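To start, the structure under review is shown below, and the notes come after it.
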Amino acid sequence: MKILFKNENLFNPITVAITLIIILFFLGNFISPGFASPNQIISLLIVASLLGIISAGQNLVILGGREGIDLSVGGVVSIAAVVAGNVMDGSNAAILPAVAVTLFVGGFIGLINGIGVTFIKIPPLVMTLGMLGVLQGLLVVVRNGVPSGNAAPFLVHFATKPLLNTFPGILWLWLILTLFLVFLLKHTVYGLRIYAIGTNERAAKMTAVPVELIRVSLFVLSGMFAALAGICLLGYSGSSFANVGEQYILPSIIAVVFGGTSLAGGKGGYVGTALGAILLIVLQSILITIRIDESGRQMIFGATLLLLMIFYGRGKMLRS
Amino acid sequence: MHKNNKNISLQLIRNFPFIPSLIILIVLILLNGFYEPNSISIGSLVGLISTYLALMLLAVAQTYVVMSADIDLSVGGVISLVNVSIVAFMDHFGGGVYVVLLSLLLGIIIGILCGLINGFVVAILRLQAIVATFATSIFFMGLALYIMPVAGTPASDLFWLTYFENYFGIPFVIYALSFIILLIFFLNKSRFVKTLLAVGDGYLSAFQGGLDVTKTRVKGFLLCGFFSAVSAFCLTGETASGDPLVGTKMTLLSVAAVVLGGGALSGGSASVIGSMIGVLIIGLINSLVFFIGTPSEWQNLIQGLSILIALMIGIYINIKAQA
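As given, the protein sequences belong to chains H and V, one line each in that order.
Note that our numbering has the first sequence beginning at 286, numbered continuously upward.
Note that our numbering has the second sequence beginning at 18, numbered continuously upward.
Printed below as a string of structure tokens:
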């Protein structure tokens, strides 16, 4: 048993996540036949992609260390859905400007977070929690002034229907983002520097890494990823509705944890996080297929999350 | 001479990290009084306390875990669970005096059990507090929904009538608040709070200094569960009914209040009094935004911005003081 636990390859988070996902699909198919049918898997992946894209930004901020975390993603997702819906307002021609404006808004919110954390030295949890409050207020203002706005037909198609007889566009987007993030993190100077500041900020600073600039950029990226997810969510649901984003805040952190990224920073990567997002969504949909009350579903979900966490990153035992 | 003065004030903030928030509080009271002279009166002060007593207690609960560098995102779930449990209990057994008293006992036991579960998963299983207590909160909320699937069961009349009653001309909430402050005062004098803070300063050094880090952290969570239950009592008195979702919005506010009160989420520095002041700051910002005549759809935004700015000012001053 001890050898089993020591073998890193066997117990690496990615292997654990893949194994669990496969087991859950078998379990789901056993409980409700057809759960693991190709169509069903694709619709699960679409739901997972929304969480996965938000978790990408969360992942970057967490990797950067110094208790990095972004609670404002939920607010950004909600705002982004409203902004994008209003700019495109059901017209295909306006998709590109809408995407540009929305990403800019998300990035700008991230920039404020980043400046607060880096230069005024507000702990990320506090800064982004405060920002979440601001965004929730902003949402009330925005929603009062304008109608909720509609998704353009192409965006709806992109998020729900197969693209050129293959997978839906949103899944291609997620795949490209995943490859991009893997490349960015492992093969670029910027990526290596993220790990450097997450592992040891002081050492990174001494080797002339622009720590402040990188940390701000991580929050900007997190805001942009959340905004992108907001646009996709708009396509997925057709129109924006109040506070859609809030339900994603803590799951986006859990996906990162299930993906093997340490909340202490400097360790982990995006492939695991993407798998973590899939794992969470599959787990949730299995619970929906089981015919029990919402209460039982929540209790099982909470207990399972705890159980899974025991597999991942338990803290070190204190020794003198 | 001037430099010396500055040093003294920084020294003061270092010893009493809630001083900046106290100043913010006083400014807010004056601003409230300026825009609405009636707001500075015993009556409106009692109103403020009675509206925010539940959140104050929840911030107190949160403070005891923040002291040891943990965080508890399940407090809202605990409140919901205790709220529906005691209301269902009173509903089932009739609202007599003994039933009400027993329901309070039941609520305390539930709160402490929730704290025990949180302490177990965070300190003994060594899971990350932020995600582990989120998971337990889902569990607690599920349990609350199981006990009471839809909101609306009324609390026993005796329960909420007592909560709103005046005794010898003084409202019940003032007695409740005084009792709680007395309790907190004795807790603060105890060795326990000093141990919590020492542990929060650094687990390894506390461990090497011979402190039982795990046990201390578990005790912090137990205390958090206890005060969350008491907070649920106040909320139940205020709303006079059971609602399985009642605590959802309060979790993050309790964290914000701790920070507004000068508490550091990195542990080792937080004060219960500060956190209570933090809640009053949130309450006064809310009323000030109303008094200056902000259009209703803008109120949430202005409140959110003001809280963010208050958070920033407080932390900025404390960082300067620690440096």
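Don't be surprised by glycine CBs; every beta carbon is placed ideally from N, CA and C.
Keep in mind it's a predicted model, so treat the numbers as computed, not measured.
CB contact below 8 Å: residue i versus chain V
i	result
N429/H	yes
K406/H	yes
E579/H	yes
Q583/H	yes
G587/H	yes
Q343/H	no
G418/H	yes
V426/H	yes
V358/H	no
Q532/H	no
Q665/H	There is no way to answer for residue 665/H, as the model of chain H reaches only from 286 to 605.
G550/H	no
Three-state secondary structure assigned by DSSP to residue i
i	result
N324/H	helix
N297/H	coil
I577/H	coil
S183/V	Residue identity differs from the one stated: residue 183/V is Asn in this sequence, not Ser. N183/V: strand per DSSP, three-state reduction.
S507/H	helix
S317/H	coil
N435/H	strand
S258/V	strand
P312/V	coil
S547/H	coil
S524/H	strand
P536/H	helix
Limits of the alpha helix (DSSP H) - the one that residue i falls within
i	result
Q145/V	Run containing Q145/V: none; DSSP gives neither H nor E here.
Q225/V	Y220 to Q225
P382/H	I380 to T403
M267/V	M267 to L277
I407/H	Counting along the chain, I407/H falls outside any alpha helix (DSSP H), and DSSP gives it neither H nor E.
P37/V	I36 to Y52
N135/V	V114 to G136
T170/V	No alpha helix (DSSP H) holds T170/V; DSSP gives it neither H nor E.
V83/V	I59 to M84
L460/H	G454 to H472
E531/H	Where E531/H is concerned, there is no enclosing alpha helix (DSSP H), given that its DSSP letter is neither H nor E.
M491/H	E486 to M491
A105/V	V92 to F110
A193/V	F189 to K206
V367/H	V358 to M373
Cut-off 7 Å between Cβ atoms - residues of its own chain near residue i, not counting five sequence neighbours on either side
i	result
N303/V	Q320
G237/V	Y81, V82, M84, S85, D87 and L213
L572/H	R582, I585 and F586
T233/V	S85, T212, L213 and V216
L462/H	I338 and A341
T179/V	F189
Residue-chain proximity (residue i, chain H), Cβ-Cβ < 8 Å
i	result
V296/V	no
Q79/V	no
A193/V	no
T268/V	no
E314/V	yes
A168/V	no
T311/V	no
M84/V	no
L338/V	Checking the displayed sequence, the identity of residue 338/V turns out to be Ala instead of Leu. It does not; no Cβ of chain H falls within 8 Å.
I41/V	no
G321/V	yes
I332/V	yes
V138/V	yes
I57/V	no
Residues near residue i by beta carbon distance below 6 Å, same chain, minus five either side
i	result
I309/V	Y52
V247/V	L74
I129/V	L239, G242 and F243
Q316/V	V306
Proximal residues to residue i (C-beta, below 8 Å), its chain only, five neighbours per side dropped
i	result
S288/V	F33, P34, F35, T80, G278, G279 and G280
I316/H	I571, T574 and I575
L27/V	K337 and A338
N55/V	S61
F137/V	V235
Y333/V	none
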